[in-house]
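Read the structure below first, then the notes.
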Amino acid sequence: ENRKMQSRLLSLLLLVTLIEGVAAMTPQWRGLINGTVVYIALGVVAMFFVVCISKPAKPLFITSVVLTTVCTWMLWACCYMSQMYPILYPVMGSAPGDGHHE
15 ENRKMQSRLL
25 SLLLLVTLIE
35 GVAAMTPQWR
45 GLINGTVVYI
55 ALGVVAMFFV
65 VCISKPAKPL
75 FITSVVLTTV
85 CTWMLWACCY
95 MSQMYPILYP
105 VMGSAPGDGH
115 HE
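What follows is the structure, encoded as structure tokens:
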């Protein structure tokens, strides 16, 4: 009984810390978190459809849905984060081939 209460309090503390951390994030990171939540929701919906199928190849379908969801999320997250803080910034006022070099 006491252990369950301690576990619940620890879980609540971790949840509050996570919520405070997300609230303090910059808008760019909130976008990453929101997009991740969308991918998780899409994966859960796809998994629901796969679980409803009663065929011998269900484990293959489950593996396919999980891998597809994870890989497409990773591709999206890498593209999103590369635009958050770009390494190369455009130089205003100079175009390639106009004779201005820096």
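Heads up, the sequence shown is in the numbering used here, so the first residue is 15 and it goes up one at a time.
Here a beta-carbon is modelled for each residue, glycine too, at the ideal position from N, C-alpha and C.
Could you tell me whether any non-hydrogen atom of the ligand PLP is closer than 6 Å to the CB of M19?
The model on display carries no ligand, and the ligand PLP is accordingly not part of it.
In three-state terms, what does DSSP make of E15?
DSSP places E15 in the coil class of the three-state scheme, outside both helix and strand.
CA nearest to the CA of V84, picked from M61, N16, T31 and K18
It is M61.
Whole angstroms are fine: how far does the CA of I101 sit from the CA of I67?
Approximately 46 Å, taken between the alpha carbons.
Measuring CB atoms only, is the segment 69 to 81 touching the segment 25 to 32, in the sense that at least three cross pairs come out at less than 8 Å?
When Cβ pairs closer than 8 Å are counted between the two stretches, the segment 69 to 81 is seen not to touch the segment 25 to 32, the count staying below three.
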